[in-house]
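Protein chains: 2
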Amino acid sequence: MREKITSGQNKRVKQWRALTSKKGRKATQTYLLESWHLVQEAIKAQQPLTAILGTAEQLDRHADELPADVDVFELTESIANTIGDTGTPQGIFATAPLTRDEDVDPAMATGVWLFLDYVQDPGNIGTMVRTADAAGLAGVVFGKGTASRYLPKVLRSMQGSQFHIQVVEADLHDWISAFTSRHLPVYGTNLDPQAKDYRDVPALSAGAIVMGNEGNGMAPDLQQMTTRNLYIPIKGQAESLNVAVAAGVVMFRLVG
Amino acid sequence: MREKITSGQNKRVKQWRALTSKKGRKATQTYLLESWHLVQEAIKAQQPLTAILGTAEQLDRHADELPADVDVFELTESIANTIGDTGTPQGIFATAPLTRDEDVDPAMATGVWLFLDYVQDPGNIGTMVRTADAAGLAGVVFGKGTASRYLPKVLRSMQGSQFHIQVVEADLHDWISAFTSRHLPVYGTNLDPQAKDYRDVPALSAGAIVMGNEGNGMAPDLQQMTTRNLYIPIKGQAESLNVAVAAGVVMFRLVG
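This is the structure:
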């Protein structure tokens, strides 16, 4: 079914526009994928989509790749320009259901996970999910204070990796306890040179790595719950590493 | 000397405003450091500064740390707001002379260097300079097509690392030839899984690592000049790594 929408006052258009806000996402229990790259990643990963929307030109260009069982809406260019976060959208979008976090049980989780504690920069967060995917991790848990996985900037920098690995929003206290009580190592990260050198622990096949806030690192109460806290020795005069770079260095050392 | 400037038409104010453009930087052979963090890094590293400028409040707050031999200009808040790149400046700046690239000779360079070929994102570039500093590299060469080291966004993400290690703009053909003719290894990076696994080469004490463009990787002609080209094996389904993360993984493996 391909339905044409020509009025900016259309109820669906208003709902799609609202997907840049948390309230709007909650109302329809969906979020927005912007650009063909992300829509294509979702289709390739056979993710459920609730709608595909785009200009006639974009829908025609990708007609062969669109799944037959998803409703398609053709928008005028001026309506397409009002949807999404980028000032100059490509003109193709999809809506996907919000993830059901309650389906993911830390007591059953396998493989290696990345836990994010109060990480705030959307670009850093998305890059870490993408890196976790590349390094072969099983999933990423967005803990308290970490920016939403549905923010347009997070989605852009994840580049579709949320379709390859699990991305969950949950309380890290629960996840750390669940892992350590199963005797799975949880390695925190620490800005203290007295902590354990990240190169001096064995490779991980199951367990977790925790990254903390850009400025303050991991919360002290979480640091006390981990198996060990690791440190990346700084050789030069830089005060610290970018959090996404640090996460990449540790993940590729211990897992990749 | 602390001179008060109250007119936005002042000649110096116009020059400072122009430092966000290449033309403006060329005219006075200086660039702008924005925020106390960067000004302080320059002072700590005893970098030559041509002027320090700020609001009365900011200058008073940091009076004890300002070097005695640099001219200080007190600006009204409304003038300070027109200088620099950030919408809401902190109100303190310094101007520093542009680097003299001709002072750096690849035939004499020691230690490990990072070469950037056509890297375009200012945040990625600055993060790589900061990471090179942290990993103990000697310097970074900005090759052709790489964004300028004086762009405000590059300066922000370098976080002052340009005062700790050398940052040069030069032709990578010259630098690669100079290194390989001295029998120093130059490791390119390659998106081809047939290339050498980055974990299978020995640690570097002198030589170079080359990172390429975000979308296209290193230029083919440069790849043919290197000692070897390295690949980071991707385990998951991500198509690639962010260039700054990839650089961090390789630098910390081979140098850090």
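These protein sequences, in sequence, are chains A and B. Numbering of the first sequence is given in this note's numbering, commencing with residue 21 and proceeding in unit increments. Numbering of the second sequence is given in this note's numbering, commencing with residue 21 and proceeding in unit increments. Even glycine gets a Cβ: it sits at the ideal position worked out from N, Cα and C.
Report buried or exposed for A/S55, applying the criterion of at least 16 other Cβ atoms within 10 angstroms of its Cβ. Walking along the first sequence from the start, residue 55 of chain A turns up at place 35. By the 10 Å Cβ count, A/S55 comes out buried.
For the alpha helix (DSSP H) that contains B/K296, what are its first and last residues? What the structure shows of chain B is the stretch from 21 to 276, and residue 296 of chain B is not part of that stretch, so it cannot be assessed.
Does the separation of the CB atoms of A/V221 and A/S177 fall below 9 Å? Numbered from its first residue, the first sequence carries residue 221 of chain A at position 201. Numbered from its first residue, the first sequence carries residue 177 of chain A at position 157. No, they are not a contact pair.
If you draw a straight line from the alpha carbon of B/A266 to that of B/L52, how long is it in whole angstroms? Taking the second sequence and counting its residues from 1, one reaches residue 266 of chain B at position 246. Taking the second sequence and counting its residues from 1, one reaches residue 52 of chain B at position 32. Answer to the nearest angstrom: the Cα atoms are 29 Å apart.
For the candidate residues A/I254, A/I196, A/A226, whose alpha-carbon lies nearest to that of A/A239? Sequence index remark: in the first sequence, residue 239 of chain A carries index 219 (1-based). The shortest Cα separation from A/A239 among A/I254, A/I196, A/A226 belongs to A/I196.
Under DSSP, the beta strand (DSSP E) around A/G227 begins and ends at which residues? Residue numbering aside, residue 227 of chain A sits at position 207 when the first sequence is read from its first letter. Here the beta strand (DSSP E) through A/G227 covers 227-231.
Between A/D137 and A/G232, how many whole angstroms is the CB-CB distance? I'm expecting something under 8 Å. For the purposes of this step, residue 137 of chain A is taken as residue 117 along the first sequence, with counting starting at 1. For the purposes of this step, residue 232 of chain A is taken as residue 212 along the first sequence, with counting starting at 1. Confirmed, Cβ separation roughly 5 Å.
A/T247 versus A/R202 - alpha carbon distance: If you number the first sequence from 1, residue 247 of chain A lands on position 227. If you number the first sequence from 1, residue 202 of chain A lands on position 182. Cα-Cα distance, rounded: 12 Å.
Are the segment 150-168 of chain A and the segment 269-276 of chain A touching, with three or more C-beta to C-beta distances below 8 Å? yes
B/N101, enclosing alpha helix (DSSP H) - first and last residue: Walking along the second sequence from the start, residue 101 of chain B turns up at place 81. Counting along the chain, B/N101 falls outside any alpha helix (DSSP H), and DSSP gives it neither H nor E.
Starting from A/A176, find everything on chain B with Cβ-Cβ shorter than 7 Å and list it in chain order. Mapped onto the first sequence, residue 176 of chain A falls at position 156. A small correction: the amino acid at residue 176 of chain A is Arg; Ala does not occupy that position in the sequence shown. Within 7 Å Cβ-Cβ: nothing; A/R176 doesn't reach chain B, min ~12 Å.
With DSSP collapsed to three states, give me the class of B/D84. Here residue 84 of chain B is taken as the residue at index 64 of the second sequence, counted from 1. Reduced to three states, the DSSP call for B/D84 is helix.
If you measure beta-carbon to beta-carbon, which residues of the segment 233-266 of chain A are closer than 8 Å to chain B? I252, P253, I254, K255, G256, Q257, A258, E259, S260, L261, N262, A264, V265, A266
Entirely within the segment 167-202 of chain A and at least 3 residues each: give me those beta strand (DSSP E) ranges in chain order. 186-189
Let's see if you can read the secondary structure: which residues bound the beta strand (DSSP E) around B/V92? The residue you call residue 92 of chain B lines up with position 72 of the second sequence. Its beta strand (DSSP E) spans residues 92-95.
CB contact check: A/V187 to chain B, cutoff 9 Å: Position 167 of the first sequence holds residue 187 of chain A. Judged by the 9 Å Cβ criterion, A/V187 is not in contact with chain B.
Pick out whichever of A/L79, A/A47, A/D91, A/E77 has its Cα sitting closest to the Cα of A/P68. For the purposes of this step, residue 68 of chain A is taken as the residue at position 48 of the first sequence. The shortest Cα separation from A/P68 among A/L79, A/A47, A/D91, A/E77 belongs to A/D91.
Residues in the same chain with beta-carbon distance under 6 Å from B/E61, minus the five sequence neighbours each way, listed in chain order, please. Walking along the second sequence from the start, residue 61 of chain B turns up at place 41. Result list for B/E61: G180, F183, in chain order.
Same chain, Cβ closer than 6 Å to A/R45, five either side skipped, listed in chain order: Within the first sequence, residue 45 of chain A is the residue found at index 25, counting from 1. Around A/R45: L39, Y51, Y170.
For a cutoff of 9 Å on Cβ pairs, would you count A/V221 as touching chain B? Residue 221 of chain A sits at position 201 when you count from the first residue of the first sequence. So no, A/V221 is outside the interface.
Is A/G208 helix, strand or coil by DSSP? Position 188 of the first sequence, counting from 1, holds the residue named residue 208 of chain A. Three-state result, A/G208: strand.
With a 10 Å radius around its C-beta and 16 neighbouring C-beta atoms as the bar for buried, classify A/A258 as buried or exposed. Taking the first sequence and counting its residues from 1, the one referred to as residue 258 of chain A is at position 238. So A/A258 counts as buried.
In the DSSP output, which residue or residues are listed as bridge partners for A/T147? In the first sequence, residue 147 of chain A corresponds to position 127, counting from 1. For A/T147, which the question treats as bridged, DSSP gives no partner whatsoever.
Rounded C-beta distance between B/F162 and B/E122? I'm assuming under 8 Å. For this step, residue 162 of chain B is matched to residue 142 along the second sequence. For this step, residue 122 of chain B is matched to residue 102 along the second sequence. About 15 Å separates the two Cβ atoms, so there is no contact after all.
Could you give the residue range of the alpha helix (DSSP H) that holds B/V269? By one-based count along the second sequence, residue 269 of chain B stands at place 249. Taken as a continuous stretch (DSSP letters only), the alpha helix (DSSP H) holding B/V269 covers 263-274.
List the residues of chain A that B/V132 touches, going by C-beta distances under 7 Å, in chain order. As a first step, residue 132 of chain B is located in the second sequence; it is residue number 112 there, counting from the start. Result: empty, since nearest Cβ-Cβ is about 11 Å, beyond 7 Å.
Quick one: Cα of B/L261 to Cα of B/N210, how far? Along the second sequence, read from residue 1 onward, the residue named residue 261 of chain B stands at position 241. Along the second sequence, read from residue 1 onward, the residue named residue 210 of chain B stands at position 190. Taking the straight line joining both Cα atoms gives about 12 Å.
Give the secondary structure of A/A71 by DSSP, where H, G and I count as helix, E and B as strand, and everything else as coil. Along the first sequence, read from residue 1 onward, the residue named residue 71 of chain A stands at position 51. If DSSP states are grouped into helix, strand and coil, A/A71 belongs with the strands.
Please confirm whether any heavy atom of the ligand HEM lies closer than 8 Å to the CB of A/I103. As for the ligand HEM, it is missing from this structure, which has no ligand bound.
Residues in its own chain within less than 7 Å of A/V206 by CB, not counting five upstream and five downstream? In the first sequence, residue 206 of chain A corresponds to position 186, counting from 1. Result list for A/V206: I196, F199, T200, G227, A228, V230, T246, T247, in chain order.
B/E23 to B/S41, Cα distance in whole Å? Reading the second sequence from its first residue, position 3 is the one you call residue 23 of chain B. Reading the second sequence from its first residue, position 21 is the one you call residue 41 of chain B. Cα to Cα, the separation comes out at about 25 Å.
Which residues in chain B have a C-beta closer than 7 Å to the C-beta of A/G163? List them in chain order. Residue mapping note: residue 163 of chain A aligns to position 143 of the first sequence, counting from 1. By Cβ distance, chain B contributes nothing, its closest Cβ being about 21 Å from A/G163, past 7 Å.
Let me check understanding here. Comparing Cα to Cα, which of A/L157, A/N249, A/L79, A/D212 lies closest to A/Q186? For the purposes of this step, residue 186 of chain A is identified with residue 166 of the first sequence, where counting begins at 1. The option with the nearest alpha carbon to A/Q186 is A/L157.
Between the segment 127-142 of chain B and the segment 72-83 of chain B, can you find at least three pairs of beta-carbon atoms closer than 8 Å? no
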